[in-house]
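248 is the number that the working numbering gives the last residue of the sequence shown; the numbers go up by one with no jumps.
No residue lacks a Cβ here, since even glycine has one placed at the ideal position from N, Cα and C.
Given the structure is predicted, the values throughout are model-derived calculations rather than measurements.
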Amino acid sequence: MSLLDLIANTVVFVIKEFGYPAVFIAMFLESACIPIPSEVVMPFSGFASSQGVLSFWPVVAIGVLGQTCGSTITYFIGKSGGRRLLEKYGKYVLIATKDIKKADGWFDRYGEATVLFTRMMPVVRTFISLPAGISRMGFSKFLAYSVIGIIPWTLMLTYVGVKMGQNWERIRNVFHGFDYAIVAVFAVLVAVYVWNHIKHAQEAPQEQE
40 MSLLDLIANT VVFVIKEFGY PAVFIAMFLE SACIPIPSEV VMPFSGFASS QGVLSFWPVV
100 AIGVLGQTCG STITYFIGKS GGRRLLEKYG KYVLIATKDI KKADGWFDRY GEATVLFTRM
160 MPVVRTFISL PAGISRMGFS KFLAYSVIGI IPWTLMLTYV GVKMGQNWER IRNVFHGFDY
220 AIVAVFAVLV AVYVWNHIKH AQEAPQEQE
């Protein structure tokens, strides 16, 4: 068994063991400002559906529901004035003040429509609910914009995972012999991602002072 096969089989096994709740929790946390990339969760969930472990449409529906619930929580955190608490203690869950401010900038520049189109943008999509709540954007409008933006993003990522699973033999043959190089690159990218969040989160108290 190649290393790529081992990784794919391990992910499918984990998803099989925990099922739809795992998809919901991961996407809930991602939209509640915890940096769990949907770009990883949903494609592998789609991959699992191509293997018969899960079903495609329930995966999409659960992913949309998880993101909607997480976004709603973040919206009310912003609306209730909990932003300072998030900035102060967010570093313990890799929430970077830099990313929150980036979402602020997008919202200030483009207004409420930002909630709609940033749902299909990495990083910003995770934090955009916070400035929406702070600005007292109407909840019904926020919810509608969020769901409309979340659906195509979730559908696209899940479908990518399905196609990956359907063409796994071809993918495995193409990357045969490069297993360890691919894993090494992926590990470096994850390390850089985590380090950047830790670094910016640790800088947050200094910025507030």
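Exposure of residue i, with buried meaning 16 or more beta-carbon neighbours within 10 Å
i: I187; result: exposed
i: A183; result: exposed
i: S110; result: buried
i: F63; result: buried
i: F52; result: exposed
Residue from the options whose Cα sits closest to the Cα of residue i
i: R164; options: D143, F86 and L93; result: D143
i: L104; options: L194, F181, M66 and M176; result: M66
i: A152; options: L68, P161, A171 and T136; result: A171
i: I54; options: F146, S174, L196 and Q90; result: Q90
i: L169; options: E208, E126, V80 and M195; result: E126
Whether residue i touches residue j by CB criterion (8 Å)
i: F115; j: I139; result: no
i: E69; j: P60; result: no
i: T197; j: G102; result: yes
i: S185; j: V154; result: yes
Sequence-distant residues of its chain with Cβ nearer than 6 Å to residue i (five each side left out)
i: I112; result: A71
i: V199; result: P82
i: M176; result: E151
i: K118; result: G172
Span separating the alpha-carbon of residue i from that of residue j
i: R123; j: M160; result: 24 Å
i: T107; j: W192; result: 12 Å
i: R158; j: E208; result: 32 Å
i: M195; j: N206; result: 17 Å
i: Y149; j: G120; result: 22 Å
i: V227; j: L93; result: 30 Å
Residues near residue i in its chain [Cβ-Cβ closer than 8 Å; skip 5 each side]
i: V201; result: G85, F86, S88, S89 and F95
i: T49; result: none
Short CB-CB distance (under 8 Å) between residue i and chain C
i: L93; result: Judged by its chain identifiers, the structure shown contains no chain C, having just a single protein chain.
Neighbourhood of residue i by C-beta distance below 7 Å, restricted to the same chain and skipping five residues each side
i: F181; result: Y114, V154 and A171
i: F156; result: G188
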